[in-house]
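**Student:**
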Amino acid sequence: MTMTDHYEKQHRAEHADSALDVMKGVADQPVTNPHYVRKRRPTLTTEQYVEGILRGDMSVLSQAITLVESNNPAHYAQAQEIIERCLPHAGRSIRIGITGVPGAGKSTFIEAIGGMVTDKGHKLAVLAIDPSSERSGGSILGDKTRMVGLSANPKVFIRPSPSAGSLGGVARKSRETIVLCEAAGFDVIFIETVGVGQSETAVHSMVDMFMLLQIAGAGDELQGIKRGIMEMADMMVITKAEGDNLHRAELARRQFANALILFPLGDSEWSPQVFCCSSVQKTGLEEVWHGVEEFIMFVKRNGFYHRNRHNQNRYWLRETINEALRTSFYQDPEIEVALADCEEQVRQDRMSSFVAAKKLLDIYFAKNK
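Residues in the sequence shown are numbered consecutively from -4, following my numbering.
1. Opposite R80 in the DSSP bridges: which residues?
2. In this structure, does DSSP put A85 in helix, strand or coil?
3. Any idea what DSSP makes of M292, helix, strand or coil?
4. Please report how far the alpha carbon of E46 lies from the alpha carbon of L145, in whole angstroms.
5. Please say whether A351 and Q340 have beta carbons closer to each other than 8 Å?
6. Between which two residues does the beta strand (DSSP E) holding F270 run?
7. Between F104 and the rest of its own chain, which residues show a CB-CB distance below 8 Å, the 5 nearest in sequence each way excluded?
8. If you count every other CB in all the chains shown that lies within 10 Å of the CB of G279, and 16 or more means buried, which is it?
9. Name the DSSP beta bridge partners of P155, please?
10. Return yes when the Cβ of D182 is within less than 8 Å of the Cβ of K115, no when it is not.
11. Are the stretch 166 to 175 and the stretch 48 to 68 touching by the rule of at least three beta carbon pairs closer than 8 Å?
12. According to DSSP, M230 sits in a beta bridge with which residue or residues?
13. For I153, which of F185, T40, N306, R170 has the nearest alpha-carbon?
14. Taking I210 as the reference, which of R249, S200, G180 has the closest Cα?
15. Between the C-alpha atoms of I91 and P68, what's the straight-line distance to the nearest angstrom?
16. Does the Cβ-Cβ distance between G109 and V143 come in under 8 Å?
17. Closest by CA to F205, which one among A244, A361, S263?
18. Helix, strand or coil for E187 per DSSP?
19. Quick one: what's R90 bridged to in DSSP?
20. Please tell me whether E64 and T41 are closer than 8 Å, where the distance is taken between their beta carbons.
21. Would you grab the beta carbon distance between M227 and H199 for me? Rounded to a whole angstrom, and I think it's under 8 Å.
22. From Q307, A319, W284, pick the residue whose C-alpha is nearest to that of Y71; which is it?
23. In the DSSP assignment, the alpha helix (DSSP H) including Q43 goes from what residue to what residue?
24. Which of helix, strand or coil does DSSP assign to T278?
25. When you compare only the Cα positions, how much space is there between F290 and P259?
26. Using DSSP with H/G/I as helix, E/B as strand and the rest coil, what is E177?
27. Which residues in the same chain as S347 place their Cβ atom closer than 8 Å to its Cβ, once the five residues preceding and following it in sequence are excluded?
28. Do L82 and A179 have their C-beta atoms closer together than 8 Å?
29. What's the C-alpha gap between A147 and L257?
30. Cβ of M225 within 8 Å of Cβ of Q307?
31. Here's the rule: buried if 16 or more other CB atoms are within 10 angstroms of the residue's CB, otherwise exposed. What is L122?
32. So, is V332 buried or exposed, given that buried needs 16 or more other C-beta atoms within 10 angstroms?
33. In whole angstroms, what is the alpha-carbon distance linking I89 and N66?
34. Quick one: give me the first and last residue of the alpha helix (DSSP H) that M53 is part of.
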């Protein structure tokens, strides 16, 4: 008998007929079912992945995207082989980037226009790029849970992906994900970005059309209506044009249209259009989609569509090289040791950051001659 058991027995004997007597409670129960056995998905071969993707199996597509997004070096080679084999079946979709400040109704707009697009016979993939949690690295907003109706549509595939801290809120592997979705037969791809005022250059470099959602009556300082992001927009949509807000939305549409006239035409030579719509009342969506189709026809006729995609391929070639070099640099064991020492000297102002960077690069390049 332990000392604890001895004192408990003595306490019960002394207070047997007292209000202070406390019945011994039951033992803590396990928080999970002890009989539960987690079933792991069987590991698929590259051939099984490719076959599943090409026949439009969404479960296999989801697993393949998870493989592509994985930071595990063991998954990299297989993921790249899958992408390589899917590449000949990709490239036949309309890629649309959709951005806007929080509160502009991006998810509601995508759900509304997505249903209309599928009714027209298209298959839609939505890549909702969520901000990454600093703690877990996972998605914060969970856009899939906010597109309930669209997620139940058999012609729609929604993939929320954490942005992993990348510029503009674009997931690091979104471009590879687009290839897999196109190979699976999705002919319209929406890429929804975080829209928190960061540079949207990354998403602009992987889509055919860039759509900017705005709301009326919030003021420039709240909406982030700055020259840079407006110059990138091929189309602007004023959302929530309903009820008492209808007049303000129409006024905002005219103001934005007048402002866009002052900007020089981009490489596409397209004059950006501005539309109003209500995602709740389903008004104005037909006009927005007609504008999308008109834009795609215009850039295909003047050759910009294919030039743009070729330039994007070159851009992502260089980005991939930059990322590989950065990873190789920071994972080098000798650099890891030297980096810690240089950081400490920089922190204590004994060495400038520029001198420290040159020292580290000299070490790295000397090893890799």
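Ideal placement from N, C-alpha and C gives every residue a C-beta, glycine not left out. Quick caveat, the model's predicted, so the values are computed rather than measured.
**Tutor:** In short:
1. Under DSSP, R80 shares a beta bridge with no residue.
2. coil
3. helix
4. 26 Å
5. yes
6. 268 to 271
7. I93, L208, V232, T234, C272, S274
8. Of the other Cβ atoms in all chains shown, 16 or more fall within 10 Å of the Cβ of G279; this residue is therefore buried.
9. A123
10. no
11. yes
12. M206, Q268
13. F185
14. R249
15. 31 Å
16. no
17. S263
18. strand
19. Answer is I184, bridged to R90.
20. no
21. 5 Å
22. A319
23. Taken as a continuous stretch (DSSP letters only), the alpha helix (DSSP H) holding Q43 covers 41 to 49.
24. Look at T278 here: in three-state DSSP terms it is strand.
25. Answer to the nearest angstrom: the Cα atoms are 17 Å apart.
26. Here E177 sits in helix by DSSP.
27. V341
28. no
29. 43 Å
30. No, they are not a contact pair.
31. buried
32. exposed
33. Rounded to whole angstroms, I89 to N66 spans 29 Å at the Cα level.
34. Per DSSP, the continuous alpha helix (DSSP H) segment holding M53 begins and ends at 53 to 64.
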